[in-house]
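Q: Protein chains in written order, with this note's numbering: chain A, -6 to 165; chain B, 42 to 413.
Don't be surprised by glycine CBs; every beta carbon is placed ideally from N, CA and C.
The following block contains the structure, expressed as structure tokens.
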């Protein structure tokens, strides 16, 4: 049974990884309050699961995995509720001359399904490999590749070809 | 090709100013989670048999120990639920004192625990025991102290309570139709669990007693005992199988005779799951996980495993809202409808409920534990 961290050790850990986890959480959920809650919960779960974490050095990665999975789970329900029928299909965004007229990145991310969003954040913000992304999300590498492709297709619709070239991903 | 996207992602959060961390809040939440998990946590299992002597046995069937008892698996047991002080056994109805806390199946009907504090577990005060037979007739069995749960088996006509005798504890076996004591069994003096008396579970003729880090199985017919090392707390045993959550948050089921793990249900990192065995031990219903509960418990479906086969079916709804009949069928009550599902196939059928159950009703279902 690994020795649990002392309060001082855990406090140092929290201070050390809070900002990094918060940024990832914000990209995953797009809301500051929710991002804060997610980080706190993932770190608390890390503390409670110390027999699995085993050592302080492994804790940030464990907290990050917990955070990503909690975010994907938390937003599954919301995403279902957001899927309202419309009479017309959304047209792909034309290349706006003024970049400020384009939707923000966070707004574009909100159009992704939770798992797609997690894949994008892990692969292109966290710079994780396909294999590591699959391990974190508990799915196959093939699923990561297909989710990445689908997600890039959706992002291209909202951000344009200059951000997501049409050679990447499937058209949505 | 994705450099621009990557750049935008980094730019999006580069100027963020996160609220400062409050480690004390994280630590408090972490400790709360850890305490909650400890209440039902086991670790890797190795059963060790240690015969410690024989006690005077009484007539009780010996249907457990070698796998699930299928003799009562015909799916013909009644649906048992309660609202407030009303107990419904299929179409029969009975009234018990105060508010229903929980149901405990026996061969003679359902044993009902009720109390004057809204059927609460914590802060229940002394509780009343009543046998409600399948025809709705009742037998008053007196009161028991708070924190003492009766252990029953759906094929046995007794219930067992842990009682203090000086500084020791005994298991008192009582006839469920009269309340008369038929046997008293001294309980081992081991490091106690988190309750005031050792929590008990009855499976056929075997009584399981939960301690801090082990569970002792006592054969009431022969007096033989063996210890299931490494699994403590409230024993959840049915059909010769014991289910619990390990320290990693995964739920697993072991054969209580051999100690072998027969089923493991993984949880994602950081999550924590609870399961409920059917009264015959054939099936495992996984309830909403800790993460799902904190998000409202609306996970869409829940999984039901065939323990021996390891296969599973998915049933719509939240697992906490489904009870078990004594013969291992799942059921729920909503509005004016009872839905009953075959736990092996997931096939469900609906029938009229004997009473209309509102969303905010104080509903209690048979086959579920309501302990805190």
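#1: For the beta strand (DSSP E) containing residue 206 of chain B, list its first residue and its last residue.
#2: Which bits of chain B does residue 151 of chain A rub up against, with CB to CB less than 7 Å?
#3: Sorted by chain position, which residues of the same chain lie with C-beta nearer than 7 Å to residue 157 of chain A's C-beta, five sequence neighbours on each side aside?
#4: In this structure, how does DSSP classify residue 91 of chain B when only helix, strand and coil are distinguished?
#5: Straight-line CA distance for residue 291 of chain B to residue 16 of chain A?
#6: Considering residue 135 of chain A, what are the terminal residues of the alpha helix (DSSP H) in which it resides?
#7: Mind checking which residues open and close the beta strand (DSSP E) that includes residue 395 of chain B?
#8: Check whether chain A comes within 7 Å of residue 310 of chain B, counting only Cβ atoms and requiring the distance to be less than that.
#9: Below 8 Å, how does it come out for the stretch 211 to 228 of chain B and the stretch 254 to 262 of chain B: are there three or more Cβ pairs, yes or no?
#10: Tell me the rounded alpha-carbon separation between residue 6 of chain B and residue 37 of chain A.
#11: Apart from the five residues just before and just after residue 143 of chain B, which ones in its own chain have a Cβ nearer than 6 Å to its Cβ?
#12: Output, in chain order, the set of chain B residues within a Cβ distance shorter than 9 Å of residue 158 of chain A.
#13: Could you check the C-alpha separation between residue 362 of chain B and residue 344 of chain B for me, to the nearest Å?
#14: Thinking just about the alpha-carbon of each residue, which of A:131, A:49, A:117, A:45 is nearest to the one in residue 7 of chain A?
#15: Output, in sequence order along the chain, the residues in the stretch 55 to 77 of chain B whose CB is closer than 7 Å to any CB in chain A.
#16: Please list the partners that residue 142 of chain A has in chain B, where partner means a Cβ-to-Cβ separation under 7 Å.
#17: Please work out which residues of its chain come closer than 7 Å, Cβ to Cβ, to residue 72 of chain A, disregarding the five sequence neighbours upstream and downstream, and give them in chain order.
#18: Three-state secondary structure (DSSP) at residue 79 of chain A?
#19: Along the stretch 289 to 316 of chain B, what residues have a CB closer than 9 Å to any CB found in chain A?
#20: What does the alpha-carbon distance come out to for the pair residue 128 of chain B and residue 146 of chain B?
#21: Is there at least one Cβ from chain B nearer than 7 Å to residue 59 of chain A's Cβ?
#22: What are the residues in the stretch 350 to 382 of chain B lying within 8 Å of chain A by C-beta distance?
#23: Given that residue 41 of chain A touches chain B, what residues does it touch there, using C-beta distances under 7 Å?
#24: Note down the Cα distance separating residue 14 of chain A from residue 405 of chain B, rounded to an integer number of angstroms.
#25: Given a cut-off of 7 Å, decide if residue 181 of chain B and residue 193 of chain B are closer than it, judged by their beta-carbon atoms.
#26: Note the first and the last residue of the continuous beta strand (DSSP E) segment covering residue 266 of chain B.
#27: For residue 48 of chain A, which three-state DSSP category applies?
#28: For residue 249 of chain A, which beta-bridge partners are listed by DSSP?
#29: So the candidates are B:125, B:309, B:280, B:364; which of them puts its Cα closest to the Cα of residue 298 of chain B?
#30: Kindly list the residues whose CB is nearer than 7 Å to the CB of residue 134 of chain A, restricted to its own chain and excluding five residues on each side of it in sequence; keep chain order.
#31: Starting from residue 30 of chain A, trace the alpha helix (DSSP H) in both directions and tell me its first and last residue.
#32: Between the stretch 185 to 199 of chain B and the stretch 234 to 248 of chain B, can you find at least three pairs of beta-carbon atoms closer than 8 Å?
#33: Using beta carbons (cut-off 7 Å, strictly below), is residue 133 of chain A in contact with chain B?
#34: Can you tell me which of the three DSSP states residue 145 of chain B falls into?
#35: Give the residues of chain B in contact with residue 121 of chain A, contact being defined as C-beta atoms less than 7 Å apart.
#36: Can you check DSSP and say which residues form a bridge with residue 251 of chain B?
A: This is what the structure holds:
#1: For the purposes of this step, residue 206 of chain B is taken as the residue at position 165 of the second chain. 199 to 206 is the extent of the beta strand (DSSP E) around residue 206 of chain B.
#2: Position 158 of the first chain, counting from 1, holds the residue named residue 151 of chain A. Under the 7 Å cutoff, chain B gives no residues; its nearest Cβ is about 12 Å from residue 151 of chain A.
#3: Translated into the one-based positions of the first chain, residue 157 of chain A becomes position 164. For residue 157 of chain A, where only same-chain residues beyond five positions count, the Cβ hits under 7 Å are 145, 148, 149.
#4: Position 50 of the second chain, counted from the start, is the residue given in the question as residue 91 of chain B. Legend: pLDDT at residue 91 of chain B = 35, less than 50; position of this residue unreliable, value from coordinates given subsequently. Coil, per DSSP.
#5: Taking the first residue of the second chain as position 1, residue 291 of chain B is located at position 250. Taking the first residue of the first chain as position 1, residue 16 of chain A is located at position 23. It is roughly 29 Å from the alpha-carbon of residue 291 of chain B to the alpha-carbon of residue 16 of chain A.
#6: As a position in the first chain, residue 135 of chain A is number 142, starting the count at 1. Counting along the chain, residue 135 of chain A sits inside the alpha helix (DSSP H) bounded by residues 134 to 152.
#7: The residue given as residue 395 of chain B occupies position 354 in the second chain. It spans 389 to 398 - the beta strand (DSSP E) in which residue 395 of chain B sits, taken as one unbroken run.
#8: As a working mapping, residue 310 of chain B is identified with position 269 in the second chain. True, the Cβ-Cβ gap to chain A drops below 7 Å.
#9: Short answer: they touch.
#10: The structure shown does not extend to residue 6 of chain B, since chain B is modelled only from 42 through 413, so no value can be given for it.
#11: As a first step, residue 143 of chain B must be located in the second chain, where it is residue number 102. Answer for residue 143 of chain B: 154, 411, listed in chain order.
#12: Here residue 158 of chain A is taken as the residue at index 165 of the first chain, counted from 1. The contacting residues are 42, 43, 45.
#13: As a first step, residue 362 of chain B is located in the second chain; it is residue number 321 there, counting from the start. As a first step, residue 344 of chain B is located in the second chain; it is residue number 303 there, counting from the start. Taking the straight line joining both Cα atoms gives about 13 Å.
#14: Here residue 7 of chain A refers to the residue found at position 14 when the first chain is read from its first residue. The shortest Cα separation from residue 7 of chain A among A:131, A:49, A:117, A:45 belongs to A:49.
#15: Cβ contacts with chain A come from 57, 59, 60, 62, 64, 66, 67, 68, 70, 71, 74, 75.
#16: Position 149 of the first chain holds residue 142 of chain A. Correct list: empty, because the minimum Cβ distance to chain B is about 12 Å.
#17: Residue 72 of chain A sits at position 79 when you count from the first residue of the first chain. Note that residue 72 of chain A has pLDDT 34, beneath the 50 cutoff, so the model's placement of it is unreliable and no number is given.
#18: For the purposes of this step, residue 79 of chain A is identified with residue 86 of the first chain, where counting begins at 1. Reliability of the predicted coordinates at residue 79 of chain A is poor, the pLDDT of 38 falling under 50, and the value obtained from them is presented with this limitation in mind. Coil.
#19: 289, 290, 307, 309, 310, 311, 312, 313
#20: Taking the first residue of the second chain as 1, we reach residue 128 of chain B at position 87. Taking the first residue of the second chain as 1, we reach residue 146 of chain B at position 105. Going by the C-alpha atoms only, they are around 13 Å apart.
#21: For the purposes of this step, residue 59 of chain A is taken as the residue at position 66 of the first chain. At a cut-off of 7 Å between beta carbons, residue 59 of chain A contacts chain B.
#22: none
#23: Counted from its first residue, the first chain places residue 41 of chain A at position 48. Within 7 Å Cβ-Cβ: 71, 74, 75, 78.
#24: Within the first chain, residue 14 of chain A is the residue found at index 21, counting from 1. Within the second chain, residue 405 of chain B is the residue found at index 364, counting from 1. Rounded to whole angstroms, residue 14 of chain A and residue 405 of chain B show a C-alpha spacing of 41 Å.
#25: Walking along the second chain from the start, residue 193 of chain B turns up at place 152. Walking along the second chain from the start, residue 181 of chain B turns up at place 140. No. Outside cutoff.
#26: Reading the second chain from its first residue, position 225 is the one you call residue 266 of chain B. Residue 266 of chain B -> beta strand (DSSP E) spans 266 to 272.
#27: The residue labelled residue 48 of chain A in the question sits at position 55 within the first chain. Correct three-state label for residue 48 of chain A: coil.
#28: The structure shown has nothing for residue 249 of chain A, since chain A only spans -6 to 165.
#29: The residue given as residue 298 of chain B occupies position 257 in the second chain. Residue 298 of chain B has its Cα closest to that of B:280, out of B:125, B:309, B:280, B:364.
#30: As a working note, residue 134 of chain A is residue 141 in the first chain. 123, 124, 127, listed in sequence order.
#31: Here residue 30 of chain A refers to the residue found at position 37 when the first chain is read from its first residue. Its alpha helix (DSSP H) spans residues 25 to 41.
#32: When Cβ pairs closer than 8 Å are counted between the two stretches, the stretch 234 to 248 of chain B is seen to touch the stretch 185 to 199 of chain B, the count reaching three or more.
#33: Taking the first residue of the first chain as position 1, residue 133 of chain A is located at position 140. Judged by the 7 Å Cβ criterion, residue 133 of chain A is not in contact with chain B.
#34: The residue given as residue 145 of chain B occupies position 104 in the second chain. Reduced to three states, the DSSP call for residue 145 of chain B is strand.
#35: Numbered from 1 along the first chain, position 128 holds the residue referred to as residue 121 of chain A. Going along chain B, no residue has its Cβ under 7 Å from residue 121 of chain A, so there is no contact; the nearest lies around 12 Å.
#36: Taking the first residue of the second chain as 1, we reach residue 251 of chain B at position 210. Paired residues: B:256.
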